[in-house]
Each structure stands twice: as structure tokens, then as C-alpha cells.
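Trainee:
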Amino acid sequence: MKESKRTGYLSWDEYFMAVALLSAERSKDPNTQVGACVANEQNKIVGVGYNGFPIGCSDDELPWGRAGDFLDTKYPYVCHAELNAVLNAISTDLRDCRIYVGLFPCNECTKVIIQAGIKEIIYLSDKYADSDQVKASKRMLKTSPHTSYRQLTTMREKLVLNFEVPR
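Here it is, written out as C-alpha cells:
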């Protein structure tokens, strides 16, 4: 009897979003952990990133707070996941790639995504849809001839990783 392939395996979209979500676990931000994964047309990962301070900047000396004077918050210092994913793919042409990200990108990251030639943004959550940053992102994307966006559709609620050694 011929054995059939298993069912229930991850779609490409689910796989790349899972990589983005796993990457978010590297973030040291105590409030917001975001990851991003860039995949090319051959379904190969060409860039991964998460939100954090620039390379070499102290995670202990710079502030992680969200409130107070601007320079005493994380906002002027943190690099977003999308920016890091694009920069980590610096030797790769990102034209026609897709970027998977947990949160809809802000206007600054959207500029980078459009400039890099990424053709599609696939996001999980749009919880900041009412913010000016996301409104500006969508306004730019509406006028961009080559970058579109869509929310990930999946029937999965979670994906569990098991670190036990297989028998």
C-alpha cells in the first residue's frame, strides 16, 4: 500500500510567519517583541530581524521605557524588525521578495520596504491601525505601484515548538 504525504503541514505563509514570530523571541524589549522574515520568489529566507538597539549599543545603558522625555524612552534608539531584516539581507537583492511581520509596519519601515523593492507585506496584527504611523504607511502603500499588503489568513491559533530529543 502506497503511503500518502502527511496532512496539516505548514503553508509557506505560515512557515515564514512562524520564523518571524520565532525571531521576535530574540528581542530584549520588555514590552513589544516583533520579528520579520524576508523570503524570495523561490521561498528561500534571505533576511530575518527583530526589534532591538543597533549592534554594539548597550542593552543595559540605553532606556527601554515608553513614557517620559523622548530621549529617556526607547523610541529614538530601537531599530524595528523590518529595518533589521532588510539590513541583514544587505548583500541580497530584495526586489520581488515578501516580508512577513507580526505587526503592520510603521511609516518609517514602510519607506524602507518600498525602497528595497519588496513586493508584498504579509502581517499578522494591525492593532495600531488608528495610529498616524500606520495610516501614513497605508497611504504610501496605496500609491506604491509595486508593494502590496495583506493580513495572514490561517486556521492555526498556535504552533508549539518542542525541544525534546526525538526518539
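Its first residue numbered 1190, the sequence shown is counted upward by one per residue in the numbering used here. Beta carbons are placed, not taken as given, at the ideal position from N, Cα and C, and that holds for glycine.
For L1210, I'd like the list of residues in its chain whose CB is within less than 7 Å of its CB, leaving aside the five on either flank, ordered along the chain.
Mentor: G1224, G1291
Trainee: With DSSP as the reference, label S1337 as helix, strand or coil.
Mentor: strand
Trainee: Can you tell me whether A1176 is buried or exposed, with buried defined as 16 or more other CB within 10 angstroms of its CB?
Mentor: What the structure shows of the chain is the stretch from 1190 to 1356, and residue 1176 is not part of that stretch, so it cannot be assessed.
Trainee: Relative to the alpha-carbon of L1313, which residue among A1213, K1233, L1276 has its alpha-carbon at the smallest distance?
Mentor: A1213
Trainee: Going by alpha carbons, who is nearest to E1203 out of T1299, R1287, Q1222, S1280?
Mentor: Of T1299, R1287, Q1222, S1280, the residue nearest in Cα terms is R1287.
Trainee: Going straight from the alpha carbon of R1339 to that of E1309, what length do you get?
Mentor: 8 Å
Trainee: Note down, one range per segment and in chain order, each alpha helix (DSSP H) of at least 4 residues found wholly within the stretch 1261-1303.
Mentor: Within the stretch 1261-1303, the complete alpha helix (DSSP H) runs of at least 4 residues are 1270-1277.
Trainee: Which residue spans inside the stretch 1212-1267 form an unbroken beta strand (DSSP E) run of at least 3?
Mentor: 1224-1228, 1234-1239
Trainee: Terminal residues of the continuous beta strand (DSSP E) containing S1314?
Mentor: Note, S1314: beta strand (DSSP E), 1309-1314.
Trainee: Under 8 Å Cβ to Cβ from G1254, same chain only, skipping five residues before and after it: list those, please.
Mentor: Only D1261, T1262, K1263 meet the Cβ criterion.
Trainee: So what does DSSP say about M1206, is it helix, strand or coil?
Mentor: helix
Trainee: When you compare only the Cα positions, how much space is there between Q1322 and G1197?
Mentor: Straight across, the Cα-Cα distance linking Q1322 with G1197 is about 37 Å.
Trainee: Check R1195 in the structure and name its three-state DSSP category.
Mentor: Of the three classes helix, strand and coil, the one that applies to R1195 here is coil, per DSSP.
Trainee: Does the count of Cβ pairs from the stretch 1300-1307 and the stretch 1269-1285 closer than 8 Å reach three?
Mentor: yes
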